[in-house]
Amino acid sequence: MLGIESSCDETAAAIVDEHRHVRSSVVASQHDLHAQYAGVVPELASRAHVERIVPVVREACSEAGLQLQDLDAVAVGHAPGLIGSLLVGVSAAKALAWSLGIPLLGVHHVLAHVHAAALDAPPLDMPAIGLVASGGHTHVFALDEMGNTQLLAWTIDDAIGEAFDKAGTMLRAGYPGGPAVERLAQGGNAHVMDLPIGRPREGGFSFSGLKTALLYALRGQPRRIDGVTVFPRDLDAVEPQRRCDLAAAFQRAAVAGLRRGLCHALDAASDVTCLVAGGGVIANATVREMLTAVAQERSLTLRIPPVALCVDNAAMIAGLGIVELCAGRSSDLSLQSMARAPLKAVL
Ligand code: KG4
Ligand code: ZN
61 MLGIESSCDE TAAAIVDEHR HVRSSVVASQ HDLHAQYAGV VPELASRAHV ERIVPVVREA
121 CSEAGLQLQD LDAVAVGHAP GLIGSLLVGV SAAKALAWSL GIPLLGVHHV LAHVHAAALD
181 APPLDMPAIG LVASGGHTHV FALDEMGNTQ LLAWTIDDAI GEAFDKAGTM LRAGYPGGPA
241 VERLAQGGNA HVMDLPIGRP REGGFSFSGL KTALLYALRG QPRRIDGVTV FPRDLDAVEP
301 QRRCDLAAAF QRAAVAGLRR GLCHALDAAS DVTCLVAGGG VIANATVREM LTAVAQERSL
361 TLRIPPVALC VDNAAMIAGL GIVELCAGRS SDLSLQSMAR APLKAVL
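Right under this line is the structure:
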């Protein structure tokens, strides 16, 4: 199975075999391109995908020691994501499937993140609870052996990865913010202050209040003078050690918020023996420790992918594509790219 991923700012292709062994996984990141804007610029992202998609597919085949003619099927992440970016991967996948006369599978990017845990590993035990924590999503959902999914918890404002990215900008930590904040936090005291943990009344997640609290901790409490908001300090004037301390305090609060929403959803779930997580934020060591602790406390089997398969990659797309193909599903050339898409039944 060739997997293709182009939903945001990584152009990726991978080959996964029928035993879900990853034979190759190539990711061309666009971080350099977007760093100066401190966020992904959609038009730049689509253009970069167009330039990179063919070399990336070639590289994935050559690393796996395969020719295009050896492929049995093509899976592509077709939703959700940036529409211009998705279109590039979906068009490439359609062209390959049509010209090679092999099945095409459109798979859901968020579901693919949890299936990354089953690559080079045994199948997932169902029913399971899935957690996806990424730049675009903070979702908890139930998965059953029939492939049904039921969304249990979501964020009412920012995704956790988005909050990390904004924190990275405010802390002048670098881009992308998640790994940069994690690095900065290593030199800081997480207990320097208690930043607020989002507590939506009905469960779920909230990270925007935390982001604002970090801004005020860095710049001081704002005042209105002649109708203008004035902060006592500039972001660039914050001491280096204070940045490390606040990065650590931010990470502690963000992980506590993730734990709170996850545990709330787990309390309501019955018959579950497996917790499976994926998405860029699951690469964070403090998040991984928290998940290990939650799984131990609740006697759940924890399935998390290695760090390289947490962030966007195409092996996870091929992995879910194989599950779907084995269940007899495939798409046709009318497959649509969709910026937004609800979680759907997999099989
Ligand atoms: O899954 P992903 O690559 O793309 C989306 O589907 O969104 O996730 C990217 C997100 C970004 O917000 C990035 O800052 C965050 O994951 N991230 C991290 C870490 N590595 C990536 N956040 C916290 N700690 C990390 N080590
Ligand atoms: Zn993703």
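All residue numbers for the sequence shown refer to our numbering, where the first residue is 61 and numbers rise by one. The beta-carbon is built from N, C-alpha and C at its ideal position, and this holds for glycine as well. Quick caveat, the model's predicted, so the values are computed rather than measured.
{"Query": "Any chance you could list the residues with Cβ under 5 Å from a heavy atom of the ligand ZN, keeping chain order?", "Result": "Ser194 and Asp372"}
{"Query": "I'd like to check one pair, Asp180 with Gly81: are the Cβ atoms closer than 8 Å?", "Result": "Looking at the sequence shown, residue 81 is not Gly but His. For His81 and Asp180, yes; Cβs fall inside 8 Å."}
{"Query": "Looking only at its own chain, which residues have a Cβ that is under 8 Å from the Cβ of Leu17, when we skip the five neighbours before and after it?", "Result": "With the chain running from 61 to 407 in the structure shown, residue 17 is simply not present."}
{"Query": "What number of angstroms, rounded off, separates the C-alpha of Met206 from the C-alpha of Cys304?", "Result": "46 Å"}
{"Query": "Go ahead and pull the three-state DSSP assignment for His175.", "Result": "helix"}
{"Query": "Taking only three categories from DSSP, how would you classify Cys334?", "Result": "strand"}
{"Query": "In this structure, how does DSSP classify Leu142 when only helix, strand and coil are distinguished?", "Result": "coil"}
{"Query": "Mind checking whether Leu393 and Trp214 have CB atoms under 8 Å apart?", "Result": "no"}
{"Query": "On the DSSP bridge list, what partners appear for Phe291?", "Result": "Note: Phe291 sits in no beta bridge, so no partner."}
{"Query": "List the DSSP bridge partners of Leu164.", "Result": "Val134 and Ser391"}
{"Query": "Would you call Ala307 buried or exposed, if buried means 16 or more other Cβ atoms sit within 10 Å of its Cβ?", "Result": "buried"}
{"Query": "Just grab the DSSP bridge partners of Val87 for me.", "Result": "Ala72"}
{"Query": "Would you call Cys48 buried or exposed, if buried means 16 or more other Cβ atoms sit within 10 Å of its Cβ?", "Result": "Nothing in the structure corresponds to residue 48, since the chain is present only between 61 and 407."}
{"Query": "Any heavy atom of the ligand KG4 inside 7 Å of the beta-carbon of His173?", "Result": "yes"}
{"Query": "Can you grab the Cα-Cα spacing for the pair His91 / Tyr235, in whole Å?", "Result": "7 Å"}
{"Query": "On a CA-only basis, which of Val288, Leu104 and His324 is nearest Glu70? Give me that one, please.", "Result": "Leu104"}
{"Query": "On the DSSP letters alone, give me the boundaries of the beta strand (DSSP E) that His199 sits inside.", "Result": "Thr198 to Leu203"}
{"Query": "Sort out for me which residues DSSP pairs Phe265 with in a bridge.", "Result": "Thr215"}
{"Query": "Would the C-beta of Ala124 count as close to the ligand PLP, meaning under 7 Å from any of its heavy atoms?", "Result": "Ligands present in the displayed structure are limited to the ligand KG4 and the ligand ZN, and the ligand PLP is not among them."}
{"Query": "Which residue comes first and which comes last in the alpha helix (DSSP H) that contains Leu318?", "Result": "Pro300 to Ala328"}
{"Query": "Alpha carbon to alpha carbon, what distance is there between Ile377 and Leu407?", "Result": "Confidence at Leu407 is low in this model, with a pLDDT of 44, below 50, so its placement is unreliable and the value that follows should be read with caution. Near 15 Å, if we compare the C-alpha coordinates of Ile377 and Leu407."}
{"Query": "Within 7 Å: the Cβ of Phe265 and any heavy atom of the ligand KG4?", "Result": "no"}
{"Query": "Is it buried or exposed, Arg363, if we count other Cβ atoms within 10 angstroms and call 16 or more buried?", "Result": "buried"}
{"Query": "Beta strand (DSSP E) containing Leu362: first to last residue?", "Result": "Thr361 to Arg363"}
{"Query": "Would the beta-carbon of Asp225 fall within 8 Å of that of Phe267?", "Result": "no"}
{"Query": "Are the Cβ atoms of Val86 and Glu123 separated by less than 8 Å?", "Result": "yes"}
{"Query": "Please go through the same chain and pick out, in chain order, the residues whose beta-carbon is closer than 7 Å to the beta-carbon of Asp132, but skip the five residues on each side of it.", "Result": "Met61 and Ile162"}
{"Query": "For a cutoff of 8 Å on Cβ pairs, would you count Met398 as touching chain D?", "Result": "Absent here is chain D; the protein component of the structure consists of one chain."}
{"Query": "Straight-line CA distance for Val114 to Val100?", "Result": "21 Å"}
{"Query": "Report, in whole angstroms, the separation of the C-beta atoms of Ser397 and Leu147, which I expect to be a contact under 8 Å.", "Result": "5 Å"}
{"Query": "Please report the straight-line C-alpha distance between Leu244 and Arg232, rounded to a whole angstrom.", "Result": "10 Å"}
{"Query": "Which word fits Ile220, buried or exposed, when buried means at least 16 other C-beta atoms lie within 10 angstroms of its C-beta?", "Result": "buried"}
{"Query": "Could you check which residue in Leu351, Ala345, Cys68 and Gln246 has the C-alpha nearest to that of Leu169?", "Result": "A small fix is needed here, since residue 169 is His in this sequence, not Leu. Per the Cα distances, Cys68."}
{"Query": "Would you check if the distance between the CB atom of Ser145 and the CB atom of Gly340 is smaller than 8 Å?", "Result": "no"}
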